[in-house]
Structure formats: C-alpha cells, structure tokens
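Enquirer:
Protein chains: 2
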Amino acid sequence: MKQYNLTSGLSQTSIKRMFRCFRPQLKRFSSGETIFRYAQENRLLGLLTEGTAVLRMTDIDGAVSLLDTYEKGDLFGELFHLPLAGFEYLVETEKGCQVLFISYDHIIHPCGNVCEHHIQLINNLFFMAAQRSRNLSLHLNIVNQPTIRKKLMTYLTCLCSQTGENPVTLPMTLSALAEYLCVDRSAMTREIRLMNLEGMIRSSRREFYIFRKE
Amino acid sequence: MKQYNLTSGLSQTSIKRMFRCFRPQLKRFSSGETIFRYAQENRLLGLLTEGTAVLRMTDIDGAVSLLDTYEKGDLFGELFHLPLAGFEYLVETEKGCQVLFISYDHIIHPCGNVCEHHIQLINNLFFMAAQRSRNLSLHLNIVNQPTIRKKLMTYLTCLCSQTGENPVTLPMTLSALAEYLCVDRSAMTREIRLMNLEGMIRSSRREFYIFRKE
DNA sequence: ATATTTCTGTGATAAATGCAACAAAACGGG
DNA sequence: CCCGTTTTGTTGCATTTATCACAGAAATAT
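If you read the protein sequences in the order shown, they are chains H and W. Be aware that the first sequence starts at 1, since it is given in this note's numbering, and climbs by one per residue. Be aware that the second sequence starts at 1, since it is given in this note's numbering, and climbs by one per residue.
Here you go:
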C-alpha cells in the first residue's frame, strides 16, 4: 500500500527552492504545549519536522477524544480537517516538537518558475488528505464492529497486512489501543486473555501472533 | 458553518469554460447500479449531477458498512478516499443518477488562460476533502460515545445546530440512523421511548424536539 | 383499492461490556 | 540501585445492549 507524503516524487533541490518561496515559519514546542488551534478562518498548514503530537477534540460537555497522531513528516491544518462548530480541536505535543508553518495560499498559487514541481506538491497534498480520510474510515469501520473481539481482530489483521509481519508489535500501549477501539481497557484485556485460551492468538503484552480469524 | 462545493466562488461562465477544458464524460445509471469502484490507480473524480448515491465498504468477511451518502453536487473518487487494501469500496445509486466523470489530472494541471479560477477550483476541492474529513470524525465521535442515549443526543444536537431548527426532522429513516450510530435498531427505539418518558425529548417517528441534554 | 414490502414499536431473555478497585510488572529518572 | 510512575493483568458485579420474535403502521407497487 503506497504511502504519500509532502515530498513524494520531488527532488531535494526543488523542495528547497519551493520552500524558500513559501517563507515558512519554524517554531519549537516543548512537551505538553498546544501547537495549533483549529479555526474556520485559518489558512495554515503545519509540517511536523521533529517530535510527536496528537490531535484532540473536546465536545460541548468537555469530553475529549483522540482524533489523530502525528510524527515526523506529518501535516495538520484546516486543509485536512475543518473544525466543527461548537467543538474545540487542538494539536498538542507529546515529545518536544519542531513545526514548520506554511501559509496555505502560498502552496496553491503556482509561483512561476517551479510550476511542474508545484503541481506534484499539490498532488501529494490531495493524496495525503485522501489517506487521512482512509484512516478515519478504517477507524470507523473498526469501532463499528459489534464486539470487542471483532474490533480487536479487525485492528490486528489490518495491522498485520500493513506491516506484512505476523508476530506483530502494537505501535502503542494497550491502554491507547483500548481508547482507539473505544472500549474499556480491562474488558479488552479480559477478551485478549480469552482469545489466547481459545487459541485464536498468542500474545504477550504488545506482541501478537494471529493463528486464525474466528 | 460555511459549506464548500466544487463551484464555490466561481461564476457560471468560468465554470463552463473550465469544464469544456476538462473533457468530462457524462454517464447515467439506474437504481441499484454500481457507479464506481475505488482502486489505487484510478485518477477519476465523479460529480453527481442528479440523483442520490451511497459509498459502501465491504470487509474481508463480507460485512458491509455505509461510509458516505451523496446527493446532487457531491463529489467522490480516490482524491477523497483512498481505498484500503483488502476492502472493496463501491459507489452505488439509490435513485437514478447522472454522473460527470473528470480526470483528476486535468484538474490539477492549470491550463493557461483560466488560471485564477482554476486555483479557486483547487481550493474548493481541498476544502471539500477537509469537510469530508470533518464529517468522518464527527461520525467517529458519535460512535465513540459510550451509550446509545449519548450517541443519539450527540447526533441530535449536532443536527439541530447544523440546521438551526429545534423540532428537527431526521434526514433518514430510523433504521438508517441506527446503522449510522452503530447500534441495534430495536435497542435504539427502546432508548427513544425512555427518553420521551423521562422528558428529555419529545419525538414521533422522525421528528424530534429536544428539551434538555441530560 | 388492495396487496406487498418496508418501517416502526414492543417485550423477554441472554450476553457483552463497563465500572471500580486492586496487585503485579515494567519503566524511567535521579 | 531505588523509588515513584505508568502500564498491564485480574475479578465481581451492575448495567447496557444485542438478539429474537412478533405486530401494527406507513409507504409503495399492482
């Protein structure tokens, strides 16, 4: 499964030339800081060049949900996610971050001399947005599953097919996985134990080997 | 909450001129037909100019889930949703449809004379993708809610704030709503009855009046 | 107008899940 | 190495929810 990023199909020199043209602003953030607040009027793109961050949404009652996680090379901004009225969307650092802010208008206006590369860049942005959309609907499909067991299996088999490994190691803690699956952590642990007993999987902590799907 | 569509901020004449340039293909589909199958290699955009359609995903076990619904003016295609390996994504008509297929490459390559409008078009496409992303994460947030009651209330209050009406009429059947909320239909009906008894809402069939949030 | 299908509402029962509270294991910083 | 913190594993219990089966209402087709 091909992955797109901002610089897919672009040479280092054309990237540098374009970026000079964009006049990006580099900012640093330490752990726990808020990097970015989504607002309808913003026209900014953030490129994470160092560290890890998360996008959280807070609903009217103050309930927080994790929407996305970002690492080096990932982008965020209204271009990828318009805010919904009445909700607050914040990008916050986990580890200390370095972020390049670029005005979205600089990107969509071809600036003459580097036009062909610029089009490639726009193409990349579209496909990154489409990837994000895919990830969201995968997440939705997982949460959609009627039981914890099916949620887990859907997640695990997708993870396996993406990484191509079978004893696969979770890219997050079990607590974080429970949050992602929208289930209670202890109920999830119980289900994992049962699945081990029934011989579906063999797992220890974050490492999972999948024997059969049901 | 501002809504974007393909022609936001564009005059009829510049739209016509651009569309001639794109050489789109117009096709008609009758009810139940498959309009479009997502594939990594496609570079096509579909613009629904008549009728209604749905995007469904089928997972490995054959379980189907509804991902999106489209009406006149809506767009679909890989640009908005890259397919996930191992899943099948189909756009199918509900009512008879008329669809304009446009090659994505025509759109991202500015074609000389109508450049400024073209940029506006690209801008619109980005924001439509961002809107789609917002809708997905709203859906996720709703499904995320721990109980049927909270799912319903989150959905209903969002619907109210979007339409600005309080006795609000569902844009779908109760069965479809249950599917959207990822809950059992009869369990949802029971919960609606209880919420009426407790005086939170007053509802009859698809019409809901919301008194208080808890 | 009547038949047929889809949609909506109801209730009993069983199963799945969340909650709360705690203990052991692993991790990380000083 | 030690100590505090985070992560993981465990259990009993109450609650929520799905399942199933059915009946009336509404919509649609004939």
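Using N, Cα and C, we set each Cβ at its ideal position, and we do this for glycine too. Treat the numbers as computed from the prediction; the structure is a model and nothing was measured.
#1: Check for me: the beta strand (DSSP E) holding Phe-101 (chain H) runs from which residue to which?
#2: If you drop the 5 nearest sequence neighbours on each side, which residues of the same chain put their C-beta closer than 6 Å to that of Leu-181 (chain W)?
#3: Please list the terminal residues of the continuous beta strand (DSSP E) segment that includes Thr-58 (chain W).
#4: Give me the subset of the region 19-48 of chain H whose CB atoms are less than 9 Å from a CB atom of chain W, sorted by chain position.
#5: Can you check which of these residues, H:Arg-43, H:His-118, H:Gln-40 and H:Arg-56, is closest to Thr-13 (chain H) by C-alpha distance?
#6: Enumerate in chain order the residues of its own chain whose CB-to-CB distance from Ser-175 (chain H) is below 8 Å, with the five nearest sequence positions on each side excluded.
#7: In whole angstroms, what is the alpha-carbon distance linking Gly-86 (chain H) and Pro-146 (chain W)?
#8: Contact defined as beta carbons within less than 8 Å: I believe Leu-79 (chain H) pairs with Ala-129 (chain H). What is the distance between those atoms, to the nearest angstrom?
#9: So, does the CB of Gln-120 (chain W) fall closer than 7 Å to a CB anywhere in chain H?
#10: Is the separation between the beta-carbon of Thr-169 (chain W) and that of Glu-198 (chain W) shorter than 7 Å?
#11: Just checking: is the beta-carbon of Cys-160 (chain W) within a distance shorter than 7 Å of some beta-carbon in chain H?
#12: In terms of alpha-carbon separation, which member of H:Gln-120, H:Leu-82, H:Met-18 and H:Gln-40 lies closest to Arg-132 (chain H)?
#13: In the DSSP output, which residue or residues are listed as bridge partners for Tyr-89 (chain H)?
#14: What span of residues does the alpha helix (DSSP H) with Tyr-155 (chain H) cover, start to end?
#15: How is the beta strand (DSSP E) around Arg-37 (chain H) delimited, first residue to last?
#16: Taking just the CA atoms, how far does Glu-191 (chain H) sit from Gln-72 (chain W)?
#17: Taking only beta-carbon atoms, is His-106 (chain W) less than 7 Å away from chain H?
#18: Whether or not the region 100-108 of chain H and the region 21-33 of chain H are in contact is what I'm after, with contact meaning three or more pairs of Cβ atoms, one per stretch, closer than 8 Å; do they touch?
#19: Just to confirm the assignment, what range does the beta strand (DSSP E) spanning Ser-204 (chain W) have?
#20: Is DSSP giving Gln-25 (chain W) helix, strand or coil here?
#21: Nearest-angstrom Cα distance between Glu-33 (chain W) and Leu-156 (chain H)?
#22: Taking the continuous beta strand (DSSP E) assigned at Tyr-209 (chain H), which residues delimit it?
#23: From Asn-144 (chain H) to Leu-159 (chain W), what distance separates their C-alpha atoms?
#24: I'd like the span of the alpha helix (DSSP H) that includes Glu-191 (chain H), first residue to last.
#25: Since Val-143 (chain H) meets chain W, which of its residues come closer than 8 Å, beta carbon to beta carbon?
#26: Quick one: is Val-64 (chain H) buried, meaning 16 or more other Cβ sit within 10 Å of its Cβ, or exposed?
#27: Would you mind giving the Cβ-Cβ distance between Met-48 (chain H) and Cys-97 (chain H), rounded to the nearest angstrom? I have them listed as a contact below 8 Å.
#28: Do the CB positions of Phe-76 (chain H) and Val-54 (chain H) come within less than 7 Å of each other?
#29: How is Phe-215 (chain H) classed by DSSP in three states: helix, strand or coil?
Expert: Straight from the coordinates:
#1: Taking the first residue of the first sequence as position 1, residue 101 (chain H) is located at position 101. 97-103 is the span of the beta strand (DSSP E), which, as asked, contains Phe-101 (chain H).
#2: By 1-based counting over the second sequence, the position of residue 181 (chain W) is 181. Residues of the same chain with a CB within less than 6 Å of the CB of Leu-181 (chain W), apart from the 5 flanking positions on each side, are Lys-151 in chain order.
#3: Here residue 58 (chain W) corresponds to residue number 58 of the second sequence, with the count starting at 1. Where Thr-58 (chain W) is concerned, the enclosing beta strand (DSSP E) stretches over 53-58.
#4: Cβ contacts with chain W: Gln-40.
#5: Counting from one through the first sequence, the residue named residue 13 (chain H) turns up at place 13. Nearest of H:Arg-43, H:His-118, H:Gln-40 and H:Arg-56 to Thr-13 (chain H), Cα basis: H:His-118.
#6: Here the question's residue 175 (chain H) lines up with position 175 in the first sequence. Only Arg-185 meet the Cβ criterion.
#7: Here residue 86 (chain H) corresponds to residue number 86 of the first sequence, with the count starting at 1. Here residue 146 (chain W) corresponds to residue number 146 of the second sequence, with the count starting at 1. Going from the Cα of Gly-86 (chain H) to the Cα of Pro-146 (chain W) covers about 20 Å.
#8: Taking the first sequence and counting its residues from 1, one reaches residue 79 (chain H) at position 79. Taking the first sequence and counting its residues from 1, one reaches residue 129 (chain H) at position 129. Indeed, because the Cβ distance is near 7 Å, the residues count as touching under 8 Å.
#9: One-based indexing of the second sequence puts residue 120 (chain W) at position 120. Chain H has no Cβ within less than 7 Å of the Cβ of Gln-120 (chain W).
#10: Locating residue 169 (chain W) in the second sequence gives position 169, counting from the first residue. Locating residue 198 (chain W) in the second sequence gives position 198, counting from the first residue. Taking a C-beta distance under 7 Å as the contact criterion, Thr-169 (chain W) and Glu-198 (chain W) do not qualify as a contact pair.
#11: Taking the first residue of the second sequence as 1, we reach residue 160 (chain W) at position 160. Not an interface residue.
#12: Walking along the first sequence from the start, residue 132 (chain H) turns up at place 132. Selected option, being the one with the closest Cα: H:Leu-82.
#13: For the purposes of this step, residue 89 (chain H) is taken as residue 89 along the first sequence, with counting starting at 1. Tyr-89 (chain H) is bridged by DSSP to H:Met-57.
#14: Within the first sequence, residue 155 (chain H) is the residue found at index 155, counting from 1. Run containing Tyr-155 (chain H): 148-163, per the alpha helix (DSSP H) assignment.
#15: By 1-based counting over the first sequence, the position of residue 37 (chain H) is 37. Element bounds for Arg-37 (chain H): 34-37.
#16: Locating residue 72 (chain W) in the second sequence gives position 72, counting from the first residue. Locating residue 191 (chain H) in the first sequence gives position 191, counting from the first residue. This sequence places Lys at residue 72 (chain W); Gln is not what is there. Cα-Cα distance, rounded: 45 Å.
#17: The residue labelled residue 106 (chain W) in the question sits at position 106 within the second sequence. Contact of His-106 (chain W) with chain H is not assigned, every C-beta pair being separated by 7 Å or more.
#18: By the criterion of at least three beta-carbon pairs nearer than 8 Å, the region 21-33 of chain H is in contact with the region 100-108 of chain H.
#19: Along the second sequence, one-based indexing puts residue 204 (chain W) at 204. Per DSSP, Ser-204 (chain W) belongs to the beta strand (DSSP E) from 201-204.
#20: Counting from one through the second sequence, the residue named residue 25 (chain W) turns up at place 25. The three-state secondary structure of Gln-25 (chain W), taken from DSSP, is strand.
#21: Numbered from its first residue, the second sequence carries residue 33 (chain W) at position 33. Numbered from its first residue, the first sequence carries residue 156 (chain H) at position 156. Near 33 Å, if we compare the C-alpha coordinates of Leu-156 (chain H) and Glu-33 (chain W).
#22: The count along the first sequence starts at 1 and reaches residue 209 (chain H) at position 209. Start and end: 207-210.
#23: The residue given as residue 144 (chain H) occupies position 144 in the first sequence. The residue given as residue 159 (chain W) occupies position 159 in the second sequence. Answer to the nearest angstrom: the Cα atoms are 21 Å apart.
#24: Within the first sequence, numbered from 1, the residue matching residue 191 (chain H) stands at position 191. Looking at the DSSP string, the run of the alpha helix (DSSP H) that includes Glu-191 (chain H) is 185-197.
#25: In the first sequence, counting from the first residue as 1, residue 143 (chain H) sits at position 143. Within 8 Å of the CB of Val-143 (chain H), the CB atoms of chain W belong to Leu-140, Val-143, Asn-144 and Cys-182, in sequence order along the chain.
#26: Looking up residue 64 (chain H) in the first sequence gives position 64. It is exposed - the Cβ of Val-64 (chain H) has fewer than 16 other Cβ atoms within 10 Å.
#27: As a first step, residue 48 (chain H) must be located in the first sequence, where it is residue number 48. As a first step, residue 97 (chain H) must be located in the first sequence, where it is residue number 97. The amino acid occupying residue 48 (chain H) in the given sequence is Leu; Met does not appear at that position. Contact between Leu-48 (chain H) and Cys-97 (chain H) holds: CB atoms are separated by about 6 Å, below the 8 Å threshold.
#28: Along the first sequence, one-based indexing puts residue 76 (chain H) at 76. Along the first sequence, one-based indexing puts residue 54 (chain H) at 54. Going by beta carbons, Phe-76 (chain H) and Val-54 (chain H) fall outside the 7 Å limit.
#29: With chain H represented from 1 up to 214, any question about residue 215 (chain H) goes unanswered, as that position is not in the structure.
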